[in-house]
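Undergrad: In my numbering, the protein residues as written are 73 to 421.
Even glycine gets a Cβ: it sits at the ideal position worked out from N, Cα and C.
Got a structure here, written out as C-alpha cells. Questions coming.
Okay, structure coming up:
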C-alpha cells in the first residue's frame with residue numbers, strides 16, 4: 073500500500089508528537105522540516121518522554137530536512153502539508169510564504185493548520201484559492217527543548233475544514249479530511265481524534281486559554297502553577313476569558329459557560345510551561361497577532377470593550393519588539409535621545 077506523503081513544517085513539541093503518531097500508525101511517510109536544531113535532529117534524532125508512547129530514544133521520521141526548499145528539491149509532492157510552525161504574520165516570512173515552494177509542486181495538496189488563534193486561514197485562502205485548508209486544534213501538554221520532547225498529557229485533536237469561499241468541491245474536501253483523521257487516529261485509543269464540524273467555535277474555545285494563560289505566563293516568566301499561586305486566576309485569567317466570551321458572541325459564537333472553569337483549572341498541578349512562555353525564554357517571536365491581535369480587531373469591529381485583552385496585547389507587542397531587536401530584525405539607533413541631559417530628562421515627568 074502506498075503511504076500518504078506528509079510534509080510537516082514546524083518541529084516543536086506538538087509537531088514532533090504529530091510526526092511520531094503518523095509514522096507509528098504506519099500509514100504515512102513524514103518529512104519534517106527542522107530549522108532550529110537541524111544538526112542534532114538529523115544525526116541524533118529526538119528523545120521522546122511521553123505519557124502516550126513511553127520513552128523513545130534517537131527517534132527520526134522518514135526524512136529530516138532543513139528547509140521546504142530541500143523537501144521539494146527533487147520534485148517531491150505531498151498529499152498534506154501539516155503546518156505547526158508558529159503563525160507569525162508580523163515576521164519577515166509568514167507561514168503562507170514558508171510553504172510556498174511545496175504548494176507549487178502539487179495543485180491538490182491540502183494544508184493542515186495546527187496553530188493557535190483565530191482568522192489564521194485567511195492569508196492561505198487568499199494565496200492558495202481552491203486548496204483544501206484544514207484546521208487542527210490540539211489540546212496537549214508538551215515541550216521540546218533541544219530535541220528532548222516531553223509530553224505530559226495525551227494528544228487530543230479536533231480536525232475540520234475552514235470556511236473557504238474558493239472551495240469548489242466540498243465533498244472532496246470532506247474526503248481529504250476523513251482520510252487524514254483515519255491515518256492519525258490510533259487504533260488502541262491512545263489519542264483522541266475528533267471531526268470538527270464547527271471550526272471557528274472550537275478556535276474561540278481554545279482562545280479562552282491561549283489569550284489568558286498562554287499570554288500572561290509569557291509576560292511574567294512564570295509557569296501555569298506558579299502564576300496561579302500568585303493569584304492571577306481571578307485577577308487576570310478570568311477577566312480576559314470573559315472578554316473572549318463577549319467577543320466570540322459578537323462574532324456569532326456562544327461558548328459553553330462551564331468552559332471558563334475548565335480552562336481556569338486545566339493546568340493545575342502540572343507546573344506546565346505554555347508555548348508562548350517557551351518562545352519568550354528561547355528568544356523566539358511570539359504569536360501575539362493571531363492569539364490576541366485578531367480577537368481585538370474583531371472586538372473593535374463589533375464594538376466590544378476588551379480592556380484587559382488590550383493591555384495584554386500592547387504589553388506583548390513590547391515583548392515582541394524586544395525579541396525582534398535581539399534577533400536583528402529591527403535596528404534602533406539609541407544614540408538619538410529626546411532628553412540629552414539629566415535636567416532635560418526630568419522635564420518629561
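Taking the beta carbon of residue 203 as the centre, do at least 16 other beta carbons fall within 10 Å, making it buried, or is it exposed?
TA: Counting from 1 along the chain shown, the entry for residue 203 is found at position 131. Counting Cβ neighbours within 10 Å, residue 203 comes out buried, since at least 16 surround it.
Undergrad: For the alpha helix (DSSP H) that contains residue 351, what are its first and last residues?
TA: Looking up residue 351 in the chain shown gives position 279. First-last of the alpha helix (DSSP H) with residue 351: 347-353.
Undergrad: Mark residue 303 as exposed unless 16 or more other C-beta atoms lie within 10 angstroms of its C-beta, in which case mark it buried.
TA: Here residue 303 corresponds to residue number 231 of the chain shown, with the count starting at 1. The residue in question, residue 303, is exposed, as its Cβ has fewer than 16 Cβ neighbours within 10 Å.
Undergrad: So residue 105 packs on residue 139, CB below 8 angstroms; how close in whole Å?
TA: Along the chain shown, one-based indexing puts residue 105 at 33. Along the chain shown, one-based indexing puts residue 139 at 67. With a Cβ gap of about 6 angstroms, residue 105 and residue 139 count as contacting.
Undergrad: Along the chain, where does the beta strand (DSSP E) containing residue 77 start, and where does it finish?
TA: Here residue 77 refers to the residue found at position 5 of the chain shown. Looking at the DSSP string, the run of the beta strand (DSSP E) that includes residue 77 is 76-81.
Undergrad: By how many angstroms is the C-alpha of residue 271 removed from the C-alpha of residue 196?
TA: By 1-based counting over the chain shown, the position of residue 196 is 124. By 1-based counting over the chain shown, the position of residue 271 is 199. For residue 196 and residue 271, the distance between alpha carbons rounds to 16 angstroms.
Undergrad: Provide the residue span of the beta strand (DSSP E) that contains residue 129, from first to last.
TA: Sequence index remark: in the chain shown, residue 129 carries index 57 (1-based). Per DSSP, residue 129 belongs to the beta strand (DSSP E) from 126-131.
Undergrad: Indicate whether residue 173 and residue 155 have their beta-carbon atoms separated by less than 7 angstroms.
TA: The residue labelled residue 173 in the question sits at position 101 within the chain shown. The residue labelled residue 155 in the question sits at position 83 within the chain shown. Going by C-beta atoms, residue 173 is not nearer than 7 angstroms to residue 155.
Undergrad: Do the segment 362-372 and the segment 319-329 touch if we need at least three Cβ pairs shorter than 8 angstroms?
TA: Touching, yes, given that three or more Cβ pairs across the two stretches are closer than 8 angstroms.
Undergrad: What span of residues does the alpha helix (DSSP H) with residue 296 cover, start to end?
TA: Stepping through the chain shown from its first residue, residue 296 is reached at position 224. Taken as a continuous stretch (DSSP letters only), the alpha helix (DSSP H) holding residue 296 covers 296-301.
Undergrad: Nearest to residue 261 by CA position, among 284, 226, 148, is which residue?
TA: By 1-based counting over the chain shown, the position of residue 261 is 189. Ranking the options by Cα distance to residue 261, first place goes to 226.
Undergrad: For the beta strand (DSSP E) holding residue 135, just list the boundary residues, first then last.
TA: For the purposes of this step, residue 135 is identified with residue 63 of the chain shown, where counting begins at 1. Residue 135 -> beta strand (DSSP E) spans 135-137.
Undergrad: Could you give the distance in angstroms between the alpha-carbon of residue 256 and the alpha-carbon of residue 151?
TA: For this step, residue 256 is matched to residue 184 along the chain shown. For this step, residue 151 is matched to residue 79 along the chain shown. Approximately 14 angstroms between the Cα atoms of the pair.
Undergrad: Taking the alpha-carbon positions, what's the residue 247 to residue 394 distance?
TA: Here residue 247 refers to the residue found at position 175 when the chain shown is read from its first residue. Here residue 394 refers to the residue found at position 322 when the chain shown is read from its first residue. Between residue 247 and residue 394, the C-alpha separation is close to 44 angstroms.
Undergrad: Would you please state the rounded distance, in angstroms, between the beta carbons of residue 234 and residue 193? I believe it to be under 8 angstroms.
TA: Position 162 of the chain shown, counted from the first residue, corresponds to residue 234. Position 121 of the chain shown, counted from the first residue, corresponds to residue 193. So it is a contact: roughly 4 angstroms between Cβ atoms.
Undergrad: Looking at the unbroken beta strand (DSSP E) that takes in residue 140, where does it start and where does it end?
TA: Position 68 of the chain shown, counted from the start, is the residue given in the question as residue 140. Careful: residue 140 lies outside any beta strand (DSSP E), inside the alpha helix (DSSP H) at 140-143.
Undergrad: Does the count of Cβ pairs from the segment 175-184 and the segment 117-133 closer than 8 angstroms reach three?
TA: Touching, no.
Undergrad: Cβ of residue 159 within 7 angstroms of Cβ of residue 359?
TA: Taking the first residue of the chain shown as 1, we reach residue 159 at position 87. Taking the first residue of the chain shown as 1, we reach residue 359 at position 287. Closer than 7 angstroms, so yes.
Undergrad: Taking just the CA atoms, how far does residue 82 sit from residue 40?
TA: Since the displayed the chain opens at 73 and closes at 421, residue 40 lies outside it and no answer follows.
Undergrad: Consult DSSP for residue 100 and reduce its assignment to one of helix, strand or coil.
TA: Locating residue 100 in the chain shown gives position 28, where the first residue counts as 1. Three-state result, residue 100: strand.
Undergrad: When you compare the segment 92-99 with the segment 163-172, are there three or more beta-carbon pairs, one atom per stretch, that lie closer than 8 angstroms?
TA: At 8 angstroms Cβ cutoff, the stretches do not touch.
Undergrad: Just list the residues that DSSP pairs residue 273 with in beta bridges.
TA: For this step, residue 273 is matched to residue 201 along the chain shown. Answer is none; residue 273 lacks a bridge partner.
Undergrad: Three-state secondary structure (DSSP) at residue 378?
TA: Looking up residue 378 in the chain shown gives position 306. Looking at residue 378 - three-state DSSP - the assignment turns out to be coil, as it is neither helix nor strand.
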